[in-house]
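Each number in our numbering comes from the position in the sequence shown (counting from 1) with 3 added on.
We put the beta carbon where it would ideally sit given N, CA and C, even for glycine.
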Amino acid sequence: MEVKAKDIIDSVDLSRSEALYPIYESVVNSIISLLRTDRKDGKIDVLIEREVFEDKEPDLFDKKVPPIKSVEIVDNGEGFTEANFMSFKAPFSKLNKKYGCKGIGRFTMLAMFRLIEVVSTYYERGVWYRRKFTFDAEREIYCDIIGELDESVAHECQTKVKLIDCINDELKPFTAKNAEDIAIGIKNHCFIYYLCGQFPEVNVVETTEEGLKSIGVNGYFKLESKDKEKDITVRDKSFKLYIVKTPKENNRRYNNVTFCANSRTVGAKRDLSKVDSLFLFPITENGESVFLDIYVVSPYLDAHINNTRTKFKLPDSNEGFEEDPNTDISIDEIMRRIAVEVSGLYDSYVQETKKRTVEEAEEYIKTQAPQYRSFLLRKDVLDRMPPHLSADKKEEFFHKEAVQADKKLEEKIN
């Protein structure tokens, strides 16, 4: 049964936060093309072309930029060899499965852009070739031209993939991101490749009134350093944590968890303090305050990603079904296990925080809530109090403990 490209494209459902996802996926394709070679000088350029608005208001800090019209991604990877071209033509191709590819990335691109133009120079079976073709929703692949190149002239592998004319009117306004934001987006989307030492040189380039402006993506990785790796188990499934430390700066407020599948980050970052208030503030070790970025990878996550790699086919919570082994592991279940494991990895911070929490609890009882003074002799209760609670939350905690204590006492008397 023949699968029409338009039918696949119509099934792609991108959200506003994923408006730049086709660009990120094209960069991933270029990374994979480089991984299929043994070259050490891999490079990717992302050339941005914007809409032109004559009545655009001047912006002193260049934060307001027009939406993206077209994008060209240029790499010096393997190129569109015969095998790669045949894979491109086949929906759901498994050629690059070991790299996490599902064979539908190009359809995601056409959910945003009118057409894709490709020009690829590559070396195969002792001959240099140049292949040109165009791909769109209606005609699919057309204008496919391939020719041998003059051997007397020096050639280099190069592939240009141009995503032309953003036609998704609903999501186009959300492509109005400056070059720095696009570079950071690429960094976040491709972070696993960096952690695995597979991220090449990547630059975001656009033409401004002052001339060409180039932003290096690699420079943003220097602000973060991989601190620890940890293998964990949830039920009988294996997960690996890559933990990155980022110095406390700007307005950042959270220790984040990012779930990954097929070597891509998936969905928004999640706040670890939502499952354990211990992580409500930066981690402090040896006088240094840092935030943690925890990247989670697992074959289980790979197996439960949707076709467009934008979200997981897993429940957020298994509330009410915690004891049922037949249910899928929930995101909340994984988050709670991560909190436990990370607490063990940063034990000095945890012990210091717990000590401070007990001291705050004792001070609160002595100065504001003498009705709970019996708990001053209950180390188990003081140790249970979550850190970083407001006065109202402390009252709520001790009131609940008092009710539980009275209930137990009544049971013993009976």
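Check                                                                                                         : Outcome
Beta-carbon gap between Glu336 and Lys233 smaller than 8 Å                                                    : no
Between the CA atoms of Arg381 and Glu291 - distance to the nearest angstrom                                  : 33 Å
C-beta contact flag for Pro203 and Ile34 at 8 Å                                                               : yes
Distance CB(Asp331)-CB(Pro318) smaller than 8 Å                                                               : yes
8 Å Cβ cutoff met for Ile149 and Tyr132                                                                       : yes
Helix, strand or coil at Gly150 [DSSP, three-state]                                                           : strand
Expected contact under 8 Å - CB spacing of Val205 and Ile51 to nearest Å                                      : Their Cβ separation, rounded to whole angstroms, is 13 Å, which puts Val205 and Ile51 out of contact at 8 Å.
Contact between the region 252-264 and the region 204-220 (3+ Cβ pairs under 8 Å)                             : no
Selection from Phe242, Thr261 and Thr268 that minimises the alpha carbon distance to Asp274                   : Thr261
Terminal residues of the alpha helix (DSSP H) in which Tyr126 lies                                            : Note, Tyr126: premise wrong, no alpha helix (DSSP H); beta strand (DSSP E) at Phe116 to Glu127.
Beta-carbon proximity check, Leu281 vs Ser333, cutoff 8 Å                                                     : no
C-beta atoms of Ile26 and Val164 nearer than 8 Å                                                              : no
Limits of the unbroken alpha helix (DSSP H) element including Leu420                                          : In this structure the chain extends from 4 to 417, so residue 420 is not present and cannot be described.
Cβ-based neighbour list, Ile187, same chain, cut-off 7 Å, excluding 5 preceding and 5 following               : Tyr223
Asp78 beta carbon less than 8 Å from that of Thr137                                                           : no
Three-state secondary structure (DSSP) of Phe64                                                               : Per-residue confidence for Phe64 stands at a pLDDT of 44, beneath the threshold of 50, marking its modelled position as unreliable; the derived number appears in the next sentence. In this structure, Phe64 counts as coil in the three-state DSSP scheme.
Gln371, DSSP secondary structure in three states                                                              : coil
Beta-carbon proximity check, Thr360 vs Glu21, cutoff 8 Å                                                      : no
Rounded separation between Ile12 and Leu244 - CA only                                                         : 34 Å
DSSP-derived helix/strand/coil call for Leu226                                                                : coil
Bridge-paired residues (DSSP) for Tyr132                                                                      : Tyr125 and Glu151
Pairwise C-alpha distance: Glu85 and Cys146                                                                   : 16 Å
Sub-8 Å separation of Pro19 and Phe88 beta-carbons                                                            : Checking the displayed sequence, the identity of residue 19 turns out to be Arg instead of Pro. Contact flag unset, no.
Outcome for Asp241 when other beta-carbon atoms lying within 10 angstroms are tallied against a minimum of 16 : It should be pointed out that residue 241 corresponds to Ser in this sequence rather than to Asp. Counting Cβ neighbours within 10 Å, Ser241 comes out exposed, since fewer than 16 surround it.
The alpha helix (DSSP H) enclosing Val343, as first and last residue numbers                                  : Ile334 to Leu348
Residue from Val278, Lys43 and Asp172 with nearest C-alpha to Lys72                                           : Asp172
First through last residue of the alpha helix (DSSP H) which encompasses Ala182                               : Ala182 to His192
Among Glu399, Asp139 and Gln201, nearest to Asp41 - alpha-carbon criterion                                    : Gln201
Sequence-distant residues of its chain with Cβ nearer than 8 Å to Lys410 (five each side left out)            : none
Element boundaries [alpha helix (DSSP H), containing Asp305]                                                  : Pro302 to Ala306
Nearest neighbour of His192, chosen from Glu120, Ala271 and Phe378 [CA to CA]                                 : Ala271
Any non-hydrogen atom of the ligand FMN closer than 7 Å to Asn329 Cβ                                          : Ligands displayed in this structure: none; no statement on the ligand FMN is therefore possible.
Buried versus exposed, by CB contacts within 10 Å (16 or more), Cys169                                        : buried
Of the listed residues Glu366, Ala372, Lys180 and Val130, nearest to Cys160 (C-alpha basis)                   : Val130
Straight-line Cα distance separating Met338 from Leu392                                                       : 21 Å
Element boundaries [beta strand (DSSP E), containing Ala264]                                                  : Asn259 to Ala264
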